[in-house]
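Visitor: Quick one: the structure is below, questions incoming.
Protein chains: 2
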Amino acid sequence: MGKKKETITIYDVAREAGVSMATVSRVVNGNPNVKPVTRKKVLETIRNMGYRPNAVARGLASKKTTTVGVVIPDISSAFFAELTRGIEDIANMYHYNIILCNSDLKKEKELRLIETLLEKQVDGLLFLGGEVTDEHRDIFAGSSVPIVLAATYDDEDESRPYVTIDQVQAAKDATSVLIEEGHDKIGLIGGPLTDPILGYPRYQGYKEALEEKGLPLREEWVRLGDYRYHSGLQSAKELLTGDEAPTALFVINDEMAVGAIHAAQDLGKKVPDDVSVIGFDNIPLADQVRPLLSTVAVPMYDIGAVAMRLLTKYMNDEPIQENQVLLEYRLELADSTLTKETQTG
Amino acid sequence: MGKKKETITIYDVAREAGVSMATVSRVVNGNPNVKPVTRKKVLETIRNMGYRPNAVARGLASKKTTTVGVVIPDISSAFFAELTRGIEDIANMYHYNIILCNSDLKKEKELRLIETLLEKQVDGLLFLGGEVTDEHRDIFAGSSVPIVLAATYDDEDESRPYVTIDQVQAAKDATSVLIEEGHDKIGLIGGPLTDPILGYPRYQGYKEALEEKGLPLREEWVRLGDYRYHSGLQSAKELLTGDEAPTALFVINDEMAVGAIHAAQDLGKKVPDDVSVIGFDNIPLADQVRPLLSTVAVPMYDIGAVAMRLLTKYMNDEPIQENQVLLEYRLELADSTLTKETQTG
DNA sequence: CCCAATTCCGTTATCGTTTGCGAATCAGTT
DNA sequence: AACTGATTCGCAAACGATAACGGAATTGGG
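In order, the protein sequence lines correspond to chains F and V.
Using the UniProt record's numbering, the first residue of the first sequence is number 1, and each one after it goes up by one.
Using the UniProt record's numbering, the first residue of the second sequence is number 1, and each one after it goes up by one.
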């Protein structure tokens, strides 16, 4: 595997080029205080010697690593994968690299990862989609690196920067679509209510929509899944075989929503004629099933991109006008619901 | 954002604990050569002072960063997301972190990213899914860090470690399934033939299967897409409206395959009765459409995991018995083809 | 109770850069 | 020719750890 005799350092280049290491450092870093002819000579010997600056040493000396940490629940989920792509694109644009960590939403793992990232001296940290507990806040407070939350927020810390959408309102809007279609028997396939990021607020939105329209919240029309396809399939099967089955389902993420559609079809019901289904997130899958899934289009890529951009502002001490941003979402109404229109929220 | 007065170093801890920094370093690194009582005292003052070891300084001194670089085409693709999850899990298990970079399969970007990762002194490098050119080989050769390829291989460098599957054979097997179903008009929706990783070999497998069974390769039954859903939809529409339309389609990835199914349905054809479809990869989507998609199950997670494991062996100088591994794939026959059976290859 | 073998632990040299400070060079003005 | 203000550039001190080396303390056997 091509062992090079020894690593060549800035000092070697300096000696070879007949200048000091300070000068080499200057040309490497684009410092203008170096005569063009000198710069040229240095650049030349750098090329000839195949010198590659050591970013670790640079990091020690400059106290900057141009690296940011990203803690994410699960990269293999379409939602977070897309979000990460937004992060990485902006990071790349600003010449940062990202250290990616999967937390599986386990608190202990999250804390451990954050600790590790801080040890690695990341210039900033992006924390996605987990609940922010007191222990998180302790670590955050004990560090001076900027930290921004994405696709989540901290309901206890008013000042913690974040980028996400208004989950409650979006869920309310989605439910309202079904109500306005004329449905009065609307089921919910939700997530764990202990999940303060998705499960609870989306349930809350569903509840508020019903209340506002004077519809009762009936427990037998509510099932809580685990966000996965089969969970949606199973839950819908239960809901739709009931005596007085709902004629519409609000499913709080697309993967489960597609499961719900298939459950309906398996039971011989037509979507949307017999049962309307609306999902949430607008992952690519929503566009790759028949009937096309109506859903709440969450700007996943943008959440990542905006969060990363915000982080760069913190890292470079740029002025910040808005450090807590709620991005717009869109209702993407397709074939799994009756009406067709598009709203913005 | 909680500015701490000043960073506390190993030296501060040493002074506070009444020992030398060497001793502190020893307890931090779990070196056994330190008396239990001393260790306890040091650990205590570490806790009290909130000392956090600086991994950058450690990296400089020890020449190890416990970080590996991962260059991947696109994290937002289900295939690579799952693969990355495998990588990260194993990395985490061995206490490595990963720096993730999206290359979009652009050669220049790949080279730039690899260069950056080497500057950051990663202990190892995982290169996924792009073509390995001479320029890649140049950089690889000029560095002493172990590099392993995943989901690709280097056909010019016999010794470069890799982990992938036998693309040609798998494509051949998939095509053969259709032949054995009795089809003799089998279309292909492929990728760019200039793609040496997926496009070409999977086309090659299709071709070989036909040849072996004495079937002609007819150009009008071949379309080349871009791996995306809509491309599959469009290509299938063209293929299936022809005068003498194929009765079966081998589609070289699942996303396009699902598009093909929808195209068939849009044309009023039933799958699999009127047209059989078999895909490739077995992304979650294959399991979330109706009819369920027959496909070649590629062990994406395992490719990542095994590649990362192999890399750890290189990084820790463990003995290596096999440095080029072809993982097993499986034919996952479901409802989009007629026969039902499972083979291994 | 002494000496050798262990165990512990401190000294010090590095690791490869960045960076503040001051010296040296160079023009342009008088 | 002397003076001044920029430009350039070198020196050397950090940056925060690791690790080789050797000295001191502890232990055990005879």
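Positions of the beta carbon are idealized from the N, C-alpha and C atoms, including for glycine.
Given the structure is predicted, the values throughout are model-derived calculations rather than measurements.
What is the DSSP secondary structure of Asn102(F), reduced to helix, strand or coil?
Guide: Asn102(F) falls in the strand class under three-state DSSP.
Visitor: Find the residues of chain V that neighbour Pro53(F), judging by a C-beta separation of less than 7 Å, and give them in chain order.
Guide: Within chain V, the residues near Pro53(F) are Glu119.
Visitor: In chain V, which residues lie with their C-beta within 7 Å of the C-beta of Leu60(F)?
Guide: Those are Val56, Ala57, Leu60, listed as they occur along chain V.
Visitor: Quick one: residues in its chain with C-beta nearer than 6 Å to the C-beta of Ala17(F), no 5 flanking neighbours on either side, listed in chain order?
Guide: So the qualifying residues of the chain are Lys41, Val42, Thr45.
Visitor: Could one say the Cβ of Ile114(V) lies closer than 9 Å to chain F's Cβ atoms, at least one of them?
Guide: Cβ-Cβ to chain F under 9 Å: no for Ile114(V).
Visitor: Go through its chain and collect everything with a Cβ distance to Asp12(V)'s Cβ below 6 Å, but skip five positions before and after it.
Guide: Once the five neighbours on either side are set aside, Asp12(V) has no close Cβ partner at all.
Visitor: Give me the DSSP bridge partner(s) of Val132(F).
Guide: Looking at the DSSP assignment, Val132(F) forms no beta bridge with any residue, so it has no partner.
Visitor: Between the Cα of Val325(F) and the Cα atoms of Asp273(F), Asp154(F), Ile278(F), which residue gives the shortest distance?
Guide: Nearest of Asp273(F), Asp154(F), Ile278(F) to Val325(F), Cα basis: Asp154(F).
Visitor: Relative to the alpha-carbon of Ala305(F), which residue among Ala297(F), Leu327(F), Asp317(F) has its alpha-carbon at the smallest distance?
Guide: The residue with the shortest Cα to Cα distance from Ala305(F) is Leu327(F).
Visitor: So, for Phe140(F): in the same chain, excluding its five sequence neighbours on each side, which residues have a beta-carbon less than 7 Å away from its beta-carbon?
Guide: The answer, listed in chain order, is Ile147.
Visitor: Tell me which residue opens and which closes the beta strand (DSSP E) that Ser276(V) is part of.
Guide: Start and end: 276-278.
Visitor: Where do the ends of the beta strand (DSSP E) carrying Asp181(F) lie?
Guide: Residue identity check: residue 181(F) is Glu in the sequence provided, not Asp. No beta strand (DSSP E) contains Glu181(F), which DSSP labels as neither H nor E.
Visitor: Alpha carbon to alpha carbon, what distance is there between Leu128(F) and Leu210(F)?
Guide: Their Cα atoms are separated by approximately 30 Å.
Visitor: Residues of the region 315-335 of chain V in Cβ contact with chain F at a cutoff of 7 Å, in chain order, please.
Guide: If the cut-off is 7 Å between Cβ atoms, the region 315-335 of chain V has nothing near chain F.
Visitor: At a CB-CB cut-off below 9 Å, which residues of chain F make contact with Gln234(V)?
Guide: Chain F residues near Gln234(V): none, gap ~14 Å exceeds 9 Å.
Visitor: From which residue to which residue does the beta strand (DSSP E) around Ala150(F) run?
Guide: Ala150(F) -> beta strand (DSSP E) spans 147-150.
Visitor: How would you write the range of the alpha helix (DSSP H) that Gly69(V) sits in, first residue to last?
Guide: Per DSSP, Gly69(V) belongs to no alpha helix (DSSP H); it is in the beta strand (DSSP E), 67-72.
Visitor: At what residues does the alpha helix (DSSP H) containing Arg160(F) begin and finish?
Guide: Looking at the DSSP string, Arg160(F) is not in any alpha helix (DSSP H), and its letter there is neither H nor E.
Visitor: Taking 9 Å as the CB-CB cut-off, is Ala81(F) touching chain V?
Guide: For Ala81(F), the answer is yes, since a Cβ of chain V falls inside 9 Å of its Cβ.
Visitor: If contact means a Cβ-Cβ distance below 9 Å, which residues of the region 132-148 of chain F contact chain V?
Guide: From the region 132-148 of chain F, only Phe140, Ala141, Gly142, Ser143, Ser144, Val145, Pro146, Ile147 have a Cβ closer than 9 Å to chain V.
Visitor: Whole angstroms are fine: how far does the CA of Met49(F) sit from the CA of His230(F)?
Guide: Looking at the two C-alpha atoms, the distance is approximately 58 Å.
Visitor: Would you kindly work out how many angstroms separate the C-alpha atoms of Asn253(F) and Ile189(F), rounded to a whole number?
Guide: Rounded to whole angstroms, Asn253(F) to Ile189(F) spans 9 Å at the Cα level.
Visitor: Could you check if His183(F) is buried or exposed, using at least 16 other CB atoms within 10 Å of its CB as the buried criterion?
Guide: Counting Cβ neighbours within 10 Å, His183(F) comes out buried, since at least 16 surround it.
Visitor: Would the beta-carbon of Leu125(F) fall within 9 Å of that of Gly205(F)?
Guide: No. Outside cutoff.
Visitor: With a threshold of 9 Å between beta carbons, is Gly259(V) in contact with chain F?
Guide: By this cut-off, Gly259(V) is an interface position.
Visitor: Going by DSSP in three states, Glu332(V) sits in which element: helix, strand or coil?
Guide: Three-state DSSP puts Glu332(V) in a strand.
Visitor: When we look at the beta-carbon of Tyr329(V) and count the other beta-carbons within 10 Å, is it buried (16 or more) or exposed?
Guide: Tyr329(V) comes out buried.
Visitor: Using DSSP bridges, identify the partner residues of Leu126(F).
Guide: Answer is Val70(F), Val148(F).
Visitor: Does the Cβ of Ser159(V) have 16 or more other Cβ atoms within 10 Å, making it buried, or fewer, making it exposed?
Guide: Exposed: under 16 other Cβ atoms inside 10 Å.
Visitor: Consult DSSP for Ala297(V) and reduce its assignment to one of helix, strand or coil.
Guide: Strand at Ala297(V).
Visitor: Against chain F, does Ile189(V) count as a neighbour if the rule is that its beta carbon must be under 9 Å from one of theirs?
Guide: No, its Cβ sits nowhere closer than 9 Å to a Cβ of chain F.
Visitor: Please decide whether Ser25(F) counts as near chain V, where near means a Cβ-Cβ distance under 9 Å.
Guide: So, not an interface residue.
Visitor: For Asn48(V), does the three-state DSSP call read helix, strand or coil?
Guide: In the structure shown, Asn48(V) sits in a helix (DSSP, three-state: H, G or I).
Visitor: Please confirm if the region 281-299 of chain V is in contact with the region 94-107 of chain V, defined as three or more CB-CB distances below 8 Å between the two stretches.
Guide: Touching, no, given that fewer than three Cβ pairs across the two stretches are closer than 8 Å.
Visitor: With C-beta atoms as the reference, is Ala150(F) less than 9 Å away from Ile303(F)?
Guide: Yes, Cβ-Cβ distance for Ala150(F) and Ile303(F) is below 9 Å.
Visitor: Rounded to whole angstroms, what's the CA-CA distance from Leu310(F) to Gln121(F)? Just pull it up for me.
Guide: Those two C-alpha atoms are separated by around 19 Å.
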